[in-house]
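**Student:**
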Amino acid sequence: MNILKFIESLSNESLQGTASRRDSFTQFGKFGKTMALASVPFGLSALSNKALAADIGPTPNTPVGALSLALTLEYLENEFYETALSTLGLILPGRDRNVFIQIGAHEADHVAFLKAGLMAAGAPVPAKPTFDFTVGGAFNPFGDYQTFLQFAQAFEDTGVRAYKGQAGNLISTPDLLTYALQIHSVEARHASEVRRIRGLKGWITGNTSGLNAAFDAAYAGEENTNQAGFNTAAAFGAAAGTEAYDEPLTTADSVAIANIFIV
Amino acid sequence: MKNEVKIQEVNPFNTNRRSFLKISGLGVVGAGLLLAGCSSDDDNNPTPVSNNYPGIRNGVFDLGGGDLGILTYAYALEQLEADFYTKVVNASQFNSNFNLEQKTVLTDLYNHEVIHREFFKAAISGALPAGATLLPDLAFDYGSLNFNNPVTVLATAKALEDTGVAAYNGAGRYITNPDYLLLAGKIVSVEARHASAIRSLINYNSVDFAGDDVVDSNTGLDQARKPSQIISEVKSLNFIQTNFTAQFLK
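Residue numbers (the working numbering), protein chains in the order written: chain A, 2 to 264; chain B, 2 to 251.
1. So which residues of chain A does D223/B contact, with C-beta pairs closer than 7 Å?
2. Using the beta-carbon of each residue, which ones in chain B are nearer than 9 Å to N79/A?
3. Which of the three DSSP states, helix, strand or coil, is assigned to D56/A?
4. Going by DSSP, what residues sit across from F231/A in a beta bridge?
5. Between the beta-carbon of V189/B and the beta-carbon of V89/B, is there less than 8 Å?
6. Helix, strand or coil: how does DSSP classify R22/A here?
7. Is it buried or exposed, N50/A, if we count other Cβ atoms within 10 angstroms and call 16 or more buried?
8. Going along chain A, which residues have a C-beta under 7 Å from I71/B?
9. Going by other Cβ atoms of all chains shown within 10 Å of its Cβ, with 16 needed for buried, is S193/A buried or exposed?
10. At a Cβ threshold of 8 Å, is V115/B touching chain A?
11. Listed in chain order, which residues of the region 233-256 of chain A have Cβ atoms closer than 7 Å to some Cβ of chain B?
12. Between the region 162-173 of chain A and chain B, which residues of the former have a C-beta closer than 7 Å to a C-beta of the latter?
13. To which residues of the same chain is A47/A closer than 8 Å at the C-beta, ignoring the five residues directly before and after it?
14. When burial is assigned at 16 or more other CB atoms within 10 Å of the CB, is G152/B buried or exposed?
15. Give me the subset of the region 86-99 of chain A whose CB atoms are less than 9 Å from a CB atom of chain B, sorted by chain position.
16. Consult DSSP for Q28/A and reduce its assignment to one of helix, strand or coil.
17. Using DSSP's beta-bridge definition, name the partner residues of A61/B.
18. Please check if any C-beta of chain B sits within less than 8 Å of the C-beta of Q103/A.
19. Mind checking whether R166/B and D223/B have CB atoms under 8 Å apart?
20. Output the distance between the C-alpha atoms of K104/B and I172/A, rounded to the nearest integer angstrom.
21. Please confirm whether S197/B has its beta-carbon closer than 8 Å to some beta-carbon of chain A.
22. Closer than 6 Å by C-beta to G203/A: which residues in its own chain qualify, once you throw out the five before and the five after it? Chain order, please.
23. Got a sec: is the Cβ-Cβ distance from G203/A to anything in chain B below 8 Å?
24. Spatial neighbours of T251/A within its chain, please: CB distance less than 7 Å, with the 5 preceding and 5 following residues excluded, ordered by chain position.
25. Is the separation between the beta-carbon of D109/B and that of I176/B shorter than 8 Å?
26. At least one CB of chain A closer than 8 Å to the CB of R226/B: is that the case?
27. Once the 5 residues before and after G33/A are set aside, which same chain residues still bring their CB inside 6 Å of it?
28. What is the DSSP secondary structure of I241/B, counted as helix, strand or coil?
Below is the structure:
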């Protein structure tokens with residue numbers, strides 16, 4: 002039923018914002034790599050020796066652009082958890098495995114939901130990219146459980162930031178905005194749980210990732226203690242002030258993160 | 002018994018003077034707006050009804066409509082959360098009855114929710130046009146709720162955090178200013194992180210952090226509910242003793 006409502010809203014609402022559909026999807030093409038790679042938030046660009054031909058470009062600032070970017074990020078998460086869960090001996094039976102089965106199921110749902118919606122609207126559905134989660138052999142997330150957990154945390158925290166960054170692009174389509182918010186908070190529930198499995202707080206303190214330094218740049222900006230002129234550090238200090246607010250990622254930064262893993 | 006806001010408490014002169022004390026630190030623009038408000042209210046006109054501003058109507062505070070109404074609605078919810086966790090961490094046996102992890106999480110939530118409350122107070126005060134009023138400090142009473150019992154406290158925290166997530170998710174569509182929308186987005190994901198952590202504290206060896214009771218297992222979507230629905234749910238908890246209405250919110 003949600004899918005039907007979603008489809009209806011996609012059909013009825015002014016999905017394209019100011020750009021035409023054709024404009025949107027030529028932009029969602031094969032250019033913009035230089036810009037994207039110049040500011041790779043994960044800080045992995047130097048390690049990446051992969052071919053760049055398949056990189057996605059920045060999505061346009063329209064509702065369809067927002068959903069297309071969201072779908073690409075959900076493709077990434079979905080394949081990541083599918084591969085991990087099917088890798089023998091990586092996630093042992095017990096609490097952790099149950100948690101990642103649940104998270105993986107949600108990401109698969111999100112892929113199906115976003116694809117169905119875009120398709121029903123007659124908007125092009127971005128194809129699933131080919132992912133390399135080893136980033137050219139630099140990482141071993143499916144052979145080392147701690148690395149897997151680090152990636153999971155970074156993907157979930159990044160997902161929260163990326164959806165948040167797209168909210169403004171959906172403001173003209175209230176139903177789509179609501180659906181995106183409903184996914185956004187699920188990513189945040191996931192992020193909190195993965196962080197807690199790793200022995201961290203469920204929320205982000207300052208801009209520290211609690212991860213290998215290679216990931217630190219994905220948390221850049223989270224140290225913000227100024228919310229619309231209000232000093233969030235005033236009452237309990239900067240740590241609590243930054244924890245109380247999650248910060249968004251721009252489209253360019255979200256796309257750049259996805260491109261790290263797209264070959 | 003409800004502690005209703007009385008008409009005599011909102012004598013326009015007093016209201017504006019009180020507002021002025023709160024706004025005065027926020028700069029020239031706020032002060033200018035306020036002075037305009039003072040002069041137009043000095044003639045003791047009744048509360049205007051030709052707008053949808055937050056303020057007293059028929060003797061009861063109404064949250065108002067539009068962006069300001071949604072912000073005031075969020076402020077009311079954050080007042081409840083902040084007050085609840087303030088009582089949690091100040092309970093007489095907090096240190097002895099709660100384990101270290103529970104204390105750490107609940108103290109963080111206390112900090113975060115107080116910060117959210119004070120943020121809305123400042124943000125709304127700075128944005129109030131002449132003739133609009135800041136939601137007063139609400140009065141709370143939790144009846145027989147035992148703040149020294151971790152089971153009761155965590156169950157209540159779970160309800161409040163899940164409600165907060167559904168409230169922000171459902172309210173986003175009514176916000177027209179992208180800056181406000183982003184601010185709400187920055188807060189709702191933290192509420193969702195809280196909900197996840199509390200659920201995991203209650204039932205560690207489970208998938209309750211994003212359980213099928215809150216995340217639809219067909220779509221992977223979290224809950225979203227309209228302000229009117231949330232307000233009715235929250236009022237039915239009987240925690241908020243100050244009466245208020247929300248006639249302009251859907």
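Backbone N, C-alpha and C fix where the C-beta goes; we use that ideal spot for every residue, glycine too.
**Tutor:** According to the structure data:
1. Reading the second sequence from its first residue, position 222 is the one you call residue 223/B. Going along chain A in sequence order, the residues near D223/B (Cβ under 7 Å) are Q183, S186, V187.
2. Here residue 79/A refers to the residue found at position 78 of the first sequence. Within chain B, no residue comes near N79/A; the closest Cβ sits about 10 Å away, beyond 9 Å.
3. As a first step, residue 56/A is located in the first sequence; it is residue number 55 there, counting from the start. The answer is coil: DSSP assigns D56/A none of H, G, I, E or B.
4. Locating residue 231/A in the first sequence gives position 230, where the first residue counts as 1. The partner list for F231/A (beta bridge, DSSP) reads Q228/A.
5. Start at 1 with the first residue of the second sequence, and residue 189/B comes out as number 188. Start at 1 with the first residue of the second sequence, and residue 89/B comes out as number 88. In this structure, V89/B does not lie closer than 8 Å to V189/B by Cβ.
6. Residue 22/A sits at position 21 when you count from the first residue of the first sequence. The predicted model places R22/A with a pLDDT of 33, which falls under 50 and marks its position as unreliable, so this point remains unresolved.
7. For the purposes of this step, residue 50/A is identified with residue 49 of the first sequence, where counting begins at 1. Residue placement at N50/A cannot be trusted, given a pLDDT of 43 that sits under 50; the coordinates are not used to answer.
8. Residue numbering aside, residue 71/B sits at position 70 when the second sequence is read from its first letter. Correct list: empty, because the minimum Cβ distance to chain A is about 13 Å.
9. If you number the first sequence from 1, residue 193/A lands on position 192. When all chains shown are included, S193/A counts as buried.
10. Looking up residue 115/B in the second sequence gives position 114. V115/B counts as touching chain A.
11. T233, A236, F237, A241, G242, E244, A245, Y246, D247, E248, P249
12. K165, A168, G169, I172
13. Position 46 of the first sequence, counting from 1, holds the residue named residue 47/A. Residue placement at A47/A is poorly supported in this model, since its pLDDT is 41, which falls under 50; the coordinates still yield a value, given next. Hits under 8 Å: none found.
14. As a position in the second sequence, residue 152/B is number 151, starting the count at 1. In the sequence under discussion, the amino acid at residue 152/B is Val, which differs from the Gly named in the question. With fewer than 16 other Cβ atoms within 10 Å, it is exposed.
15. G95, R96, N99
16. On the first sequence, residue 28/A is found 27 positions in, with the first residue counted as 1. Because the pLDDT at Q28/A is just 33, under 50, the model does not fix this residue reliably, and the value given afterwards should be weighed accordingly. Q28/A falls in the helix class under three-state DSSP.
17. For the purposes of this step, residue 61/B is identified with residue 60 of the second sequence, where counting begins at 1. The sequence shown places Val at residue 61/B, rather than the Ala named in the question. R58/B, per the DSSP bridge assignment.
18. The residue labelled residue 103/A in the question sits at position 102 within the first sequence. Chain B contact via Cβ: present.
19. Locating residue 166/B in the second sequence gives position 165, counting from the first residue. Locating residue 223/B in the second sequence gives position 222, counting from the first residue. According to the sequence displayed, residue 166/B carries Val and not Arg. Yes. Within cutoff.
20. Working through the second sequence from its first residue, we reach residue 104/B at position 103. Working through the first sequence from its first residue, we reach residue 172/A at position 171. Roughly 38 Å between the two C-alpha positions.
21. The residue labelled residue 197/B in the question sits at position 196 within the second sequence. Yes, contact with chain A.
22. For the purposes of this step, residue 203/A is taken as residue 202 along the first sequence, with counting starting at 1. Cβ within range, chain order: S193, R196, R197.
23. Here the question's residue 203/A lines up with position 202 in the first sequence. So yes, G203/A belongs to the interface.
24. Counting from one through the first sequence, the residue named residue 251/A turns up at place 250. These residues qualify, in order along the chain: G166.
25. Locating residue 109/B in the second sequence gives position 108, where the first residue counts as 1. Locating residue 176/B in the second sequence gives position 175, where the first residue counts as 1. No, they are not a contact pair.
26. In the second sequence, residue 226/B corresponds to position 225, counting from 1. It does not; no Cβ of chain A falls within 8 Å.
27. Start at 1 with the first residue of the first sequence, and residue 33/A comes out as number 32. The pLDDT assigned to G33/A is 32, lower than 50, so where the model puts this residue is not dependable; a value taken from the coordinates is nonetheless given after this. Here the set comprises G58, P59.
28. Your numbering for residue 241/B matches position 240 in the second sequence. Here I241/B sits in strand by DSSP.
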